[in-house]
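J.:
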Amino acid sequence: MTPFINTVRPREARPAYRCPCCYFTTLHGRGDYDVCPVCSWEDDGQDDHDADEVRGGPNSDVSLTEARANFRRMGAFIAEAAPYVRAATDEERKPPLP
Numbered sequence: 010m011t012p013f014i015n016t017v018r019p020r021e022a023r024p025a026y027r028c029p030c031c032y033f034t035t036l037h038g039r040g041d042y043d044v045c046p047v048c049s050w051e052d053d054g055q056d057d058h059d060a061d062e063v064r065g066g067p068n069s070d071v072s073l074t075e076a077r078a079n080f081r082r083m084g085a086f087i088a089e090a091a092p093y094v095r096a097a098t099d100e101e102r103k104p105p106l107p
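Sequential numbering of the sequence shown, starting at 10, is according to our numbering.
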């Protein structure tokens, strides 16, 4: 097994980064374990480079690829998270900061 390579970005005062699961701009940092209020994915640093890997940890036993499909289908990264998510705001739908 290859060691995980995390995507990490510094924290910002306002949400400045897209969630790797739902793609809305909801995260203050990357790889900082923020929980996305739109899909409930906990940002552990996983991203496109290892989206098919099941890391376990805060996001249960689903890969990022599976979580993205779940979000498109049911609005949350897993069914158990559905009661805790909300729709994205207009601000969160905007592109992230450059």
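C-beta atoms are modelled at their ideal positions from N, C-alpha and C, and glycine is treated no differently.
Might you give, ordered along the chain, the residues of its own chain that have their beta carbon closer than 6 Å to the beta carbon of PRO67, omitting 5 neighbours on each side?
T.: Closer than 6 Å at the Cβ level, and outside the excluded window around PRO67, lie GLU51 and ASP53.
J.: Less than 8 Å between C-beta atoms, sequence neighbours within five positions excluded: which residues of the same chain meet that for GLY84?
T.: CYS48, ALA91 and VAL94
J.: Rounded to whole angstroms, what is the Cα-Cα separation between PRO105 and LEU36?
T.: The alpha-carbon atoms of PRO105 and LEU36 are separated by roughly 10 Å.
J.: Kindly indicate which three-state DSSP category GLU100 falls into: helix, strand or coil?
T.: helix
J.: Any idea if GLU101 is buried or exposed, counting beta-carbon neighbours within 10 angstroms, 16 or more meaning buried?
T.: buried
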